[in-house]
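This report concerns only the one structure given below.
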Amino acid sequence: MRWLIFLSRAAFLSGIMLILAFTLLFYNWNKDEPVSSSIITAGYGLGIILIPLVNLLYLFLTIWGKKIKNFIPAWLIGFNMLFFIILILYIFGINGYFNFKG
Numbered sequence: 016m017r018w019l020i021f022l023s024r025a026a027f028l029s030g031i032m033l034i035l036a037f038t039l040l041f042y043n044w045n046k047d048e049p050v051s052s053s054i055i056t057a058g059y060g061l062g063i064i065l066i067p068l069v070n071l072l073y074l075f076l077t078i079w080g081k082k083i084k085n086f087i088p089a090w091l092i093g094f095n096m097l098f099f100i101i102l103i104l105y106i107f108g109i110n111g112y113f114n115f116k117g
C-alpha cells in the first residue's frame with residue numbers, strides 16, 4: 016500500500032495547488048508573477064487527474080473490504096475528499112449546472 020500513500024500525498028499537494036489556482040482565478044494576489052503559471056499548471060493539470068483517481072481508489076479499496084485507514088492517515092483521506100468535492104463544485108459551476116434559468 017506504499018503506492019497509495021504516495022498517490023494520496025501527491026493528490027494532497029495537487030489539491031493545495033488547485034486551491035491556489037482557484038484563488039488566482041478570482042483574486043490576483045501575486046501581481047502576475049511568473050510563478051503563477053506554475054501554480055495554475057500544477058493545480059489544474061495534476062489536480063484534475065490525481066484527485067479523482069485517488070478518491071476512486073479509496074472507493075474501490077473500501078468496496079473490496081480493505082481498511083485504508085490502517086495505511087493512510089484519516090486527515091489525508093478527509094482532505095483529499097474535500098478537494099474532490101471542491102473540484103466537482105467548480106466543474107459544475109463552470110458548466111452552468113448551478114444556473115437554474117430553465
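As numbered in this note's numbering, residues 16 to 117 make up the sequence shown, in order. Glycine is no exception: its CB is placed at the ideal position from the N, C-alpha and C atoms.
For residue i, three-class secondary structure by DSSP
| i | result |
| --- | --- |
| Met16 | coil |
| Trp90 | helix |
| Tyr105 | helix |
| Lys84 | helix |
Cβ neighbour criterion (16 or more within 10 Å) applied to residue i
| i | result |
| --- | --- |
| Ser14 | The shown model of the chain, from 16 to 117, leaves out residue 14, and the question about it has no answer. |
| Ala26 | buried |
| Gly58 | buried |
Check whether residue i and residue j have beta carbons under 8 angstroms apart
| i | j | result |
| --- | --- | --- |
| Phe86 | Met16 | yes |
| Phe99 | Ile55 | no |
| Val69 | Asn95 | yes |
| Leu72 | Leu19 | yes |
| Ser23 | Leu102 | no |
Candidates the options: closest to residue i by CA position
| i | options | result |
| --- | --- | --- |
| Ile106 | Lys82, Ile83, Lys81 and Ile63 | Ile63 |
| Val50 | Gly93, Gly60, Ala36 and Phe41 | Ala36 |
Run through the segment 24-75 for me and flag every whole alpha helix (DSSP H) of 4 or more residues, listed as ranges in chain order.
Within the segment 24-75, the complete alpha helix (DSSP H) runs of at least 4 residues are 50-55.
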